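Accompanying notes for the structure given below.
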Amino acid sequence: MSQNVTAVLGPTNTGKTFYAVKKMLTFGSGIIGFPLRLLARENYEILRKKIGYNKVALITGEEKIIPNDAKFFCCTVESMPESQKFEFVAIDEIQLAANFERGNYFTDRILNYRGIRQTVFLGSSSMENLLIKIFPNIEIIKKPRFSNLKYFGYKNLTRLPLRSAVIAFSQIDVYIIAEKLKQLTGGVSIVTCALSPEARNKQVSLF
Numbered sequence: 085m086s087q088n089v090t091a092v093l094g095p096t097n098t099g100k101t102f103y104a105v106k107k108m109l110t111f112g113s114g115i116i117g118f119p120l121r122l123l124a125r126e127n128y129e130i131l132r133k134k135i136g137y138n139k140v141a142l143i144t145g146e147e148k149i150i151p152n153d154a155k156f157f158c159c160t161v162e163s164m165p166e167s168q169k170f171e172f173v174a175i176d177e178i179q180l181a182a183n184f185e186r187g188n189y190f191t192d193r194i195l196n197y198r199g200i201r202q203t204v205f206l207g208s209s210s211m212e213n214l215l216i217k218i219f220p221n222i223e224i225i226k227k228p229r230f231s232n233l234k235y236f237g238y239k240n241l242t243r244l245p246l247r248s249a250v251i252a253f254s255q256i257d258v259y260i261i262a263e264k265l266k267q268l269t270g271g272v273s274i275v276t277c278a279l280s281p282e283a284r285n286k287q288v289s290l291f
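For the sequence shown, this note's numbering gives the first residue as 85, with consecutive numbering after it.
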């Protein structure tokens, strides 16, 4: 495996994933490990439209779509195939190596999962010193945020702009908020982990 290792580091909304997807397509084959099923599915859909349905695969804990001619794979980190080799490998949100429940998967991918020609790690700048210790010759690319994050404090649901995303931390709250928004705006999509892949994808399309 190649020791050509790059880290693209920065906060959210810096184009790190866009960079990795674009870079992957310059190789003959590639795989990106995402932290979330929805991110894997979203980028799978983007790539299918861009390069063709038969060239892109999707593997998550819930879905497995692998065309015979697939050269590029979108996976959750846990679902990345270990028996297959790719010219390009990227691991997204590598700071999740510190996560108590899933960190072992991210740690394993950082230490052991390599592209034949290029390996790219995407994530927080907090990982820079650790990566340099592991890979002394690593190339570090730092990405600035495209927009400024601002804290507005409490915001009434009636004043949310259309196509806003509201995050709740219990299933009961999700449906209470969704019902209120439906009464106010006439429409709302709901995404929870309990939904089947088909139902979740339809809700994302509705949004």
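Using N, Cα and C, we set each Cβ at its ideal position, and we do this for glycine too.
The model shown is predicted, which means the values in this text are computed figures rather than measured ones.
Residues near residue i by beta carbon distance below 7 Å, same chain, minus five either side
i	result
residue 181	187, 190, 191 and 194
residue 124	118, 142, 144, 158, 159 and 160
DSSP-derived helix/strand/coil call for residue i
i	result
residue 89	strand
residue 279	coil
residue 168	coil
residue 261	helix
residue 148	strand
residue 162	helix
residue 256	helix
residue 226	strand
residue 105	helix
residue 46	No answer is possible for residue 46: it lies beyond the span of the chain, which begins at 85 and ends at 291.
residue 233	coil
One or two residues paired with residue i in a DSSP bridge
i	result
residue 251	Answer is none; residue 251 lacks a bridge partner.
residue 114	156 and 172
residue 207	93
residue 141	157
Integer Cβ distance of residue i from residue j, believed to fall under 8 Å
i	j	result
residue 159	residue 127	Contact flag wrong, Cβ pair sits at about 10 Å.
residue 184	residue 99	Contact doesn't hold; Cβ gap of about 29 Å is too wide.
residue 207	residue 171	Not quite, the Cβ-Cβ distance comes to about 22 Å (not below 8 Å), so this is no contact.
Same chain only: Cβ atoms within 8 Å of residue i, ignoring 5 sequence neighbours per side
i	result
residue 287	273, 274, 275 and 279
Residues near residue i in its chain [Cβ-Cβ closer than 6 Å; skip 5 each side]
i	result
residue 225	92
| query | Between the segment 128–141 and the segment 154–167, do at least 3 Cβ pairs fall closer than 8 Å? | reply | As far as the Cβ criterion goes, the segment 128–141 touches the segment 154–167, which means the pair count is three or higher.
| the segment 212–231 touching the segment 85–97, judged by at least three CB pairs closer than 8 Å | By the Cβ criterion, the segment 212–231 is in contact with the segment 85–97, since at least three pairs of Cβ atoms, one from each stretch, lie closer than 8 Å.
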